[in-house]
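Residue numbering for the sequence shown follows UniProt numbering, starting at 1 and increasing by one per position.
Note that the Cβ used here is the ideal one computed from N, Cα and C, for glycine as well.
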Amino acid sequence: MEVERAGRPHPALTLSRHAVRAFFRNPMAAFFTLIFPLVFLVIVGAVVGDGRTAEGVRVVQFLVAPFAVFGVAQASFSVLAIDTAILRESGVLLRLRAAPVPRRAVLVSRVVASLVASFVSVLLVAAVGVLGYGVEPQWRKLPALVLTLLAGIACLAALGVALTSVTRTVLAAQTAAQGVLIPLAFISDVFIVGADLPRWLSAIGSALPLKHFADAAAETFDPTPGYGFSPGHLAVLVLWGAAGAAVAVWRFGWTPRGSSGGGAGHPPAVADAGPRTARRLSPPVAPGRPAALTLLAGQARFALLGLRRDALATFFTVVFPAMILVLFPLVFGGTRVRGLTMAQYLLPAMVAYAAAVAGYVNLPESVAAARADGVLKRLGGTPLPLRWYLGGRVLSALAIGLAGAVVLGVVAVVGQGARPAPVRLPAALLAVILGVACFGALGLALVAVLPRLRSLTAITLGTLLPLCFVSEIFVVGEAPLPGWLQGIGEVFPLRHVLESLLAATRPDVAGAGFAWSHLAVVAAWTVVAGAVAAARRGAFAGS
Numbered sequence: 001m002e003v004e005r006a007g008r009p010h011p012a013l014t015l016s017r018h019a020v021r022a023f024f025r026n027p028m029a030a031f032f033t034l035i036f037p038l039v040f041l042v043i044v045g046a047v048v049g050d051g052r053t054a055e056g057v058r059v060v061q062f063l064v065a066p067f068a069v070f071g072v073a074q075a076s077f078s079v080l081a082i083d084t085a086i087l088r089e090s091g092v093l094l095r096l097r098a099a100p101v102p103r104r105a106v107l108v109s110r111v112v113a114s115l116v117a118s119f120v121s122v123l124l125v126a127a128v129g130v131l132g133y134g135v136e137p138q139w140r141k142l143p144a145l146v147l148t149l150l151a152g153i154a155c156l157a158a159l160g161v162a163l164t165s166v167t168r169t170v171l172a173a174q175t176a177a178q179g180v181l182i183p184l185a186f187i188s189d190v191f192i193v194g195a196d197l198p199r200w201l202s203a204i205g206s207a208l209p210l211k212h213f214a215d216a217a218a219e220t221f222d223p224t225p226g227y228g229f230s231p232g233h234l235a236v237l238v239l240w241g242a243a244g245a246a247v248a249v250w251r252f253g254w255t256p257r258g259s260s261g262g263g264a265g266h267p268p269a270v271a272d273a274g275p276r277t278a279r280r281l282s283p284p285v286a287p288g289r290p291a292a293l294t295l296l297a298g299q300a301r302f303a304l305l306g307l308r309r310d311a312l313a314t315f316f317t318v319v320f321p322a323m324i325l326v327l328f329p330l331v332f333g334g335t336r337v338r339g340l341t342m343a344q345y346l347l348p349a350m351v352a353y354a355a356a357v358a359g360y361v362n363l364p365e366s367v368a369a370a371r372a373d374g375v376l377k378r379l380g381g382t383p384l385p386l387r388w389y390l391g392g393r394v395l396s397a398l399a400i401g402l403a404g405a406v407v408l409g410v411v412a413v414v415g416q417g418a419r420p421a422p423v424r425l426p427a428a429l430l431a432v433i434l435g436v437a438c439f440g441a442l443g444l445a446l447v448a449v450l451p452r453l454r455s456l457t458a459i460t461l462g463t464l465l466p467l468c469f470v471s472e473i474f475v476v477g478e479a480p481l482p483g484w485l486q487g488i489g490e491v492f493p494l495r496h497v498l499e500s501l502l503a504a505t506r507p508d509v510a511g512a513g514f515a516w517s518h519l520a521v522v523a524a525w526t527v528v529a530g531a532v533a534a535a536r537r538g539a540f541a542g543s
């Protein structure tokens, strides 16, 4: 018996293997850690082409490090914080306290999974850079690169666990993790390398650890002489890591916090329901089948309620594009795009992005989740036809897309002095409505042709974000895209939604602003996608 116990692997090793497998089976984690940095490298590499610095070094040489750092930050900060919050709120951490494993082994296993995913991300980005773009590895700086990665991973992992410790719910951890990391990447030499930032933005970036991680990693790819060690940057990472570890030790809890009942398996106490409460909880007695518009309005309200409670979806649909609209003009200064200032160009670009996220990401994700939970199948036993359920979801996507457009318009008017022409507001409204409808139809078509998937976010974001670059929603530098990338953008509807909104918002063009040719392309995509979804409507119920 003792021999058998001695031959067993350490609990931390077993838990680490499970954590690594769980990480790579998580589509969202794998996408943002492994795929997104590669996509970013390929697109930016295609834009800069064979461009060189004044010293004759290819520009791509300096792109591998920041994109690899973003993958590492996703794995060791965002994914670690979110996964740990999920384990806590689902009661897994609480149950593991009764298991014959040390408590620290649970957290160690999650950190090990982040470490493995981070190194895989770095190896993938470096391999694509070397094989696809001629990036030259600096072998003498390899020890510095390994030390920098270990210091950065340890720092960000400590901060990720600290973030879990100070948030109460999974949703709060998700929103905080992405809401901190993505904006910070723009001011920390990750997404935009060497930008001339305003002093206050530069000070924020320099005070936080991501910039020091990115700069230290960039030094290990720099072909200049030396061994690539950056003691100053590494010291900042150590200090931030120690602070994060201190907060994690001080505040970390094993019991769920999102429920008022005091933990998993302990529902909150319910007060004695009086007559008024009983009447409110009783199902309403309807004299007959509700009218179609009543059903549709009810489903739209229900879907909007769900979106209002989904802070992450609201963040990426409304808050994130507003942040880009504010941040990019500060970063790029007097850069002009197609004869417009950065702020003038970004307003229609971000409105198009918000419409695409509302219709193509949020809508199919909610429908796919409802199908996986059996909600759509159970609709067959209710007075609610499937078409009205889906119609309510589309209306909610339209409402959030319009809300995003309004928020962006207010930001542009109040913060950047935009003066939209009232005569062209109908054209802008039509472009937004048709854009949301188009991407909503595409999202529903995707749900229909992939009937076994519970979550589609990795697929929808995995196709939408690259499309944003080739459609010039996200502008990469002042140089135009290569012809083949422009051709790809012309095929898909996002570029035409952008052109429609540009026609409706350009201050240097007169007229009503209707870009009928581009609107026709968007309408054609809507019809085709709607036809696909209708032809496979049985797949919505899982049949």
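Using the three-state DSSP reduction, which class does Arg536 fall into: helix, strand or coil? coil
With the cut-off set at 7 angstroms, would you say Trp525 and Pro493 are in Cβ contact? yes
Option in Leu519, Val521, Cys155 and Ala458 with minimal Cα separation from Ile35: Ala458
When the Cα atoms are used, what is the spatial distance from Val509 to Val521? 22 angstroms
When DSSP labels each residue in this structure, what does Val337 get in the three-state scheme? strand
Rounded straight-line distance, which links the Cα of Leu363 to that of Ala126: 35 angstroms
Using the Cβ count rule (16 or more neighbours within 10 Å means buried), how would you classify Gly380? exposed
Output the distance between the C-alpha atoms of Gly443 and Gly359, rounded to the nearest integer angstrom. 7 angstroms
Contacting residues, own chain, Cβ-Cβ under 7 angstroms from Arg280 (five flanking each side not counted): Low confidence applies to Arg280: its pLDDT is 46, below 50, so where it sits in the model is not reliable enough to give any reading.
The alpha helix (DSSP H) enclosing Tyr389, as first and last residue numbers: Leu386 to Gln416
Is it buried or exposed for Leu123, if we count other Cβ within 10 angstroms and need 16 for buried? exposed
Three Cβ pairs or more, each shorter than 8 angstroms: is that satisfied between the region 93 to 110 and the region 215 to 228? no
Could you tell me the boundaries of the alpha helix (DSSP H) in which Pro348 lies? Met342 to Ala356
Span separating the alpha-carbon of Met323 from that of Trp254: 34 angstroms
In the DSSP assignment, the alpha helix (DSSP H) including Asp196 goes from what residue to what residue? Note, Asp196: premise wrong, no alpha helix (DSSP H); not H, not E.
Taking the beta carbon of Leu142 as the centre, do at least 16 other beta carbons fall within 10 Å, making it buried, or is it exposed? exposed
Per the DSSP calculation, Arg52 is bridged to which residue(s)? Arg58
When DSSP labels each residue in this structure, what does Glu89 get in the three-state scheme? helix
Give the straight-line distance between the Cα atoms of Val48 and Val59, rounded to the nearest whole angstrom. 7 angstroms
Going by other Cβ atoms of all chains shown within 10 Å of its Cβ, with 16 needed for buried, is Gly511 buried or exposed? exposed
Continuous alpha helix (DSSP H) assignments of at least 4 residues falling wholly in the region 425 to 450: 425 to 449
Given that a residue counts as buried once 16 or more other Cβ atoms are within 10 Å of its Cβ, and exposed if not, what is Asp189? buried
Does DSSP put Thr463 in a helix, in a strand, or in coil? helix
Uninterrupted beta strand (DSSP E) stretches inside the region 73 to 150 (no shorter than 3 residues): none
Thinking Ala448 and Val532 are a contact (beta carbons under 8 angstroms), I'd like their distance in whole angstroms, please. 6 angstroms
Can you find the residues in the same chain that come closer than 7 angstroms, C-beta to C-beta, to Tyr133, ignoring five residues on each side of it along the sequence? Gly45 and Val60
Along the chain, which unbroken stretches of the alpha helix (DSSP H) at least 4 residues long are found entirely within the region 153 to 226? 170 to 186, 199 to 207 and 209 to 219
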